[in-house]
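All remarks here apply to the structure that follows.
If you want it as structure tokens, here you go:
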């Protein structure tokens, strides 16, 4: 989230799109209700069915799964046609005024493609050369801008042309939503374009789990920029993360393309440190402008943390110890399982995940698991993956995988920090003893690391250094009766936080940090090996800080309840990265001259008379700094009218919010249908689907494989989702009696009209088929789904939870068992992130 | 009762997460799904269990309601209403059910002898009899007791504490009633719920649960006009005293008759 | 109707007439033995004054005793119907025969039982009016108890609430009426001096000849003759002539 949970109470309009927050983030409702009670805020929920969130909405907007870009496109057109965008904000804080290369062409001209597309094998999928997507620049390489927003090549005008075709009739025809409802939603949300109004967008997997998922998120970012809602209380682009610490996991780099803190993984294009850094910092590189120019300091400090005294300037800080991948994209989930199926992956180490149920095209993925020589799985219960050899249809004798199950401790049974969606890091104590010999994941890894070192010590092989020299001074934790000494989590936290390897002095020789001290800001990280830091965005989270009541403790342990501004920032509670900044991009909370926008909710502002804390060359006090209720996300002493005084988006190379910004499928979101769609692409008939996705065809046509369904055989749109009572693939909820009692069975929700057609009554069992599998589920016949009229035809939609599986087999079987919805979903993902398209595919069904 | 407390339940905020249902089970050590003992199945709704039972003292009812003006998915937290004129208290032969502190209708399981009258006379069919032996009739009643162990120690009921939507509150009944009326008014005038109403103000002398509803009570399968059953009045107020009178009269008549007969009946005339 | 006994030489011996069969007596006592615990346990649940007895394990036991006794209580008519169905039919017919003499009995009951005026009592069959009323009340009561009791025992939850409540009401009503009736029955059968032979009859099955002539004249003399005697007696009474008692 750019903002945070409590901040929702500051919104004037709340739009939930691709989120069922009442269902899956129930605690958010307190803040949504507060906004409605205290500020008369309105709640819009956009969803194919009336969910528990939509039941609370002021305006419910039904759209067919997979048509969000049509919805957003229509909203953009509405905003642009009616001049409802926040003019001053857009001019100064975004690249709306930037001029784009005159050779750029968009899908409105090229029938669904942008300029630069090449499809070598003519299969309809290819890649883009982005040369024509760049800014027009002056002699110094600075972008040309027209702040009157009139130049036909400026981004805003390009957007007008791009979205001209997304009129209400077309959008209604694509989404299946009535025109009046669309218009009402557009008018309501666009009202937050007024300078004194702020709107917030809450989204989750309903937006991301599509082949156009990244573009969906792009669209939300653009929307909030257009309306001037980013960086302001009650606004922002707010991803509601789906696990209590998934934010922490992405921050710590558990994605295939990152090391920690959003720094790219080392690839074969970066054979040495100098090249790695050069590739990032050269013009056009990811670290070529903005705050990321400090990237080398962060990366070097990371290497120093990992290899300590063995990482020196002489050996490029042990850069050679890092493995280099040929392409990060090959190691995302879907390609990983395709490779596994092809026998290229020998072993898999799983921590708290249930791919047998959660993976797309789950039958295919279960067969992929069979190819493993070994699997290690850390889990709480005997899930469907732990005992995958007992899956229905599998003969255990055919399974050659050696499976090691390491019993793991639950979240309450271990100490450490987690990071909420709002970037808030909270340290939690251990409050319950783990069962039997279950260990915390970090203790398991600790024991494994120690053992690895031992083995490499005894039998070094050709290159043991990365293991032997790996910093692992985390011992000294509690003693376990069976395995002995566990790790001391505080030591791990210290490394992640970052510390001074040697005394840090300022330019006058004053000691800023003594050797070994934790650092409180990443601004003190250096690229000379004198600092170490495991995750630069977290710096400060474990360093001592005040809780506002006179107590000092590691920042993420604080529970101070003071909220001086009344905006719900609670600066003394925990630690929000970066640097306890609660709302990022908050330069945008003030206008071009540093004055807060009207409407209350003042966050930060420029105080020209304040002592900046520095003196000029003549020793005179320099006045002027940014002050206010939050940590400024800006150079504190940079005046609004100074150079870069309006470059609010400090992590972007040009400091401007990207209305026009390149991604794999284009610089602007364009509507493409899901890979399995009931209809053609009304807007771009020649380009039904995102042309830059990768489509696999493993075993196409066979029982288990990458099979694709067409509307003649599978006319019904299906989506998957979660329910409040269960958790993800059910590993943590289907063994719990109170939750199972409330939601015992796999079900499918369908409209009364569809049920009547199929002769199904509520409570009947239904058989549901896709091109990839067949399952059974209890039918819930409801008024909350209504058929859509898409492109003149009736299109039905159904939905299912994906929590259920066959229970894990003999042993401690789950209390709730059922068929896995993911047996139906397709093995295809987003063009940028490969996130699977779980949310829109085709099925057919009948009474069982 | 001047220190009467009530539970405020705002169905307009409730999103049926079932946190209250689970918190109640956790606090009161009640069972959920136990294979072979207590199993639920999906009957075509999210609602489960479908009724209150000895191990379920509160639950959420789900109702789809379309009055032609606006479709609503209604959620209602069901449980003991803690009536001021509680029938269950009046018909309980053991005083296991009593009017306790704060107006809570308390329940002492040790005193209960399992007769089952409470559940059969409650206008809301709340108390659930847990039959331990069908033949001998050994049974115990069960129902929400507003977490009497918590609330008599200054804490809020477990469900109120848990609710993530802040849809529940617990406090002085007059204050809860005022809050409910203000909320219902707001729903009517500003949030587009012309049928918003408060349920629990005066029924059965005033309920211990004050509901803010966005649809008529019948949409939630709540009785529109729950009343003290005439049979209970007949039983408690008429039959019981009449019965005692009849027995008393019969005994007195017999004794009187004996003395009279002794005087008047000459045994020597009797064979 | 006097029976010649084997050793009938004595002229001073009481002559006993069989009145109740073995089964009648056995069932009567089975009825009594179950009715009393039922009434006692019932009143524990009925009366708020006995609430401490109704509580906890004691209360559960009270309810259990009630049910066990109920089985025997309900067994009485069933046993009768199984063992001597024809007698049962005859018996029932006896109970249901009411005539104007029953009205006269009611008028005569107070002078007879309270004031000892023997001459006031009209002739009665084997069961006098009061006994027949008691029987009817008991039969109706037993049926009511049976239906309502079974409903309350096994039917809870399987019938609409209001129906269950009505079952409770009728169970209560039957309880009040039958127990009140029982108290009077007990007084007249066991305590009242004039009726001392009723206990004998229910224990040994016989009444003396003179008792039969006085209390059950229609049974002893036959309907026609008893009525003639009565009418003659009434006529003589009107002429203020004391009626002679046959010795």
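Chains as they are written, first to last, in the numbering used here: chain A, 1255 to 2102; chain B, 527 to 797; chain C, 6 to 252. Ideal placement from N, C-alpha and C gives every residue a C-beta, glycine not left out.
For residue i and chain C, any beta-carbon pair shorter than 7 angstroms?
i, result
"residue 757 of chain B", "yes"
"residue 619 of chain B", "yes"
"residue 605 of chain B", "no"
"residue 637 of chain B", "yes"
"residue 794 of chain B", "no"
"residue 646 of chain B", "yes"
"residue 790 of chain B", "yes"
"residue 664 of chain B", "yes"
"residue 801 of chain B", "No answer is possible for residue 801 of chain B: it lies beyond the span of chain B, which begins at 527 and ends at 797."
Given a cut-off of 7 angstroms, decide if residue j and residue i are closer than it, judged by their beta-carbon atoms.
i, j, result
"residue 653 of chain B", "residue 641 of chain B", "no"
"residue 1918 of chain A", "residue 1927 of chain A", "no"
"residue 1672 of chain A", "residue 1502 of chain A", "yes"
"residue 1829 of chain A", "residue 1843 of chain A", "no"
"residue 1707 of chain A", "residue 1721 of chain A", "yes"
"residue 127 of chain C", "residue 235 of chain C", "yes"
"residue 1754 of chain A", "residue 1767 of chain A", "yes"
"residue 1225 of chain A", "residue 1970 of chain A", "What the structure shows of chain A is the stretch from 1255 to 2102, and residue 1225 of chain A is not part of that stretch, so it cannot be assessed."
"residue 782 of chain B", "residue 64 of chain C", "no"
"residue 68 of chain C", "residue 207 of chain C", "no"
How about residue i: is its C-beta nearer than 7 angstroms to some C-beta of chain B?
i, result
"residue 1287 of chain A", "yes"
"residue 2029 of chain A", "no"
"residue 2016 of chain A", "yes"
"residue 1284 of chain A", "yes"
"residue 1495 of chain A", "no"
"residue 206 of chain C", "no"
"residue 69 of chain C", "yes"
"residue 1309 of chain A", "yes"
"residue 252 of chain C", "With a pLDDT of 42 at residue 252 of chain C, under the threshold of 50, the predicted position of this residue should be treated as unreliable, though the coordinate-derived value follows. It does not; no Cβ of chain B falls within 7 angstroms."
"residue 64 of chain C", "yes"
"residue 2069 of chain A", "yes"
Using a Cβ-Cβ cut-off of 7 angstroms, state whether residue i counts as contacting chain A.
i, result
"residue 738 of chain B", "no"
"residue 527 of chain B", "Its pLDDT being 45, under 50, residue 527 of chain B is placed unreliably in this model, and the value from its coordinates should be taken loosely. Output row for residue 527 of chain B: interface = no."
"residue 599 of chain B", "yes"
"residue 798 of chain B", "Within the shown structure, residues of chain B are numbered from 527 to 797, placing residue 798 of chain B beyond reach of any answer."
Problem - Interfacial residues, the region 569 to 591 of chain B to chain C, with Cβ spacing under 8 angstroms - result: none
Problem - Touch test, the region 649 to 656 of chain B against the region 592 to 609 of chain B, Cβ-Cβ under 8 angstroms, three pairs minimum - result: Contact between the region 649 to 656 of chain B and the region 592 to 609 of chain B is present, because at least three Cβ pairs lie under 8 angstroms.
Problem - Interface residues of the region 173 to 198 of chain C facing chain B [CB-CB below 9 angstroms] - result: 173, 174, 177, 178, 180, 181, 182, 184, 185, 186, 187, 188, 189, 191, 192, 193, 196, 197, 198
Practice task
Please name the residues in the region 543 to 563 of chain B whose beta-carbon is closer than 8 angstroms to at least one beta-carbon of chain A, in chain order.
Solution key: Within the region 543 to 563 of chain B, the residues whose Cβ lies closer than 8 angstroms to any Cβ of chain A are, in chain order, 543, 544, 545, 547, 548, 551, 552, 557, 558, 559, 560, 561.
Practice task
Identify each residue in the region 1988 to 2001 of chain A for which the Cβ-Cβ distance to at least one residue of chain B is less than 9 angstroms, and report them in chain order.
Solution key: Taken in chain order, the members of the region 1988 to 2001 of chain A whose beta-carbon sits within less than 9 angstroms of a beta-carbon on chain B are 1990, 1991, 1992, 1993, 1994, 1995, 1996, 1997, 1998, 1999, 2000, 2001.
Exercise for the section: Could you say if the region 1303 to 1319 of chain A and the region 1425 to 1439 of chain A meet the contact criterion of at least three C-beta pairs nearer than 8 angstroms? Expected result: As far as the Cβ criterion goes, the region 1303 to 1319 of chain A touches the region 1425 to 1439 of chain A, which means the pair count is three or higher.
Handout entry: the region 2012 to 2031 of chain A / the region 1637 to 1655 of chain A touching (three or more Cβ pairs under 8 angstroms)
Key = no
Exercise for the section: Kindly confirm or deny that the region 1321 to 1337 of chain A and the region 1470 to 1477 of chain A touch, where touching means at least three C-beta pairs closer than 8 angstroms. Expected result: Segments in contact, yes.
Practice task
Report yes or no: do three or more beta-carbon pairs, one from the region 1783 to 1797 of chain A and one from the region 1651 to 1667 of chain A, lie closer than 8 angstroms?
Solution key: no
Problem - Segments of 3+ residues assigned as beta strand (DSSP E) that fall wholly inside the region 688 to 726 of chain B - result: 694 to 698, 723 to 725
Problem - Ordered list of alpha helix (DSSP H) runs contained in the region 1425 to 1456 of chain A, each at least 4 residues - result: 1433 to 1444
Problem - Where the region 764 to 788 of chain B meets chain C: residues whose CB sits under 8 angstroms from a CB there - result: 765, 766, 768, 769, 770, 772, 773, 775, 776, 777, 779, 780, 783, 784, 786, 787, 788
Exercise for the section: Just list the beta strand (DSSP E) runs in the region 189 to 240 of chain C, keeping only unbroken ones of 3 residues or longer that don't cross its boundaries, in chain order. Expected result: 211 to 213
Practice task
Taking a Cβ distance cut-off of 9 angstroms, strictly less, list which residues of the region 667 to 686 of chain B are near chain C, in chain order.
Solution key: none
Practice task
Report the residues of the region 1464 to 1484 of chain A with a CB closer than 9 angstroms to any CB of chain B, ordered along the chain.
Solution key: none
Exercise for the section: Closer than 7 angstroms, Cβ to Cβ, to anything on chain A: give me those residues from the region 691 to 710 of chain B, in chain order. Expected result: 691, 692
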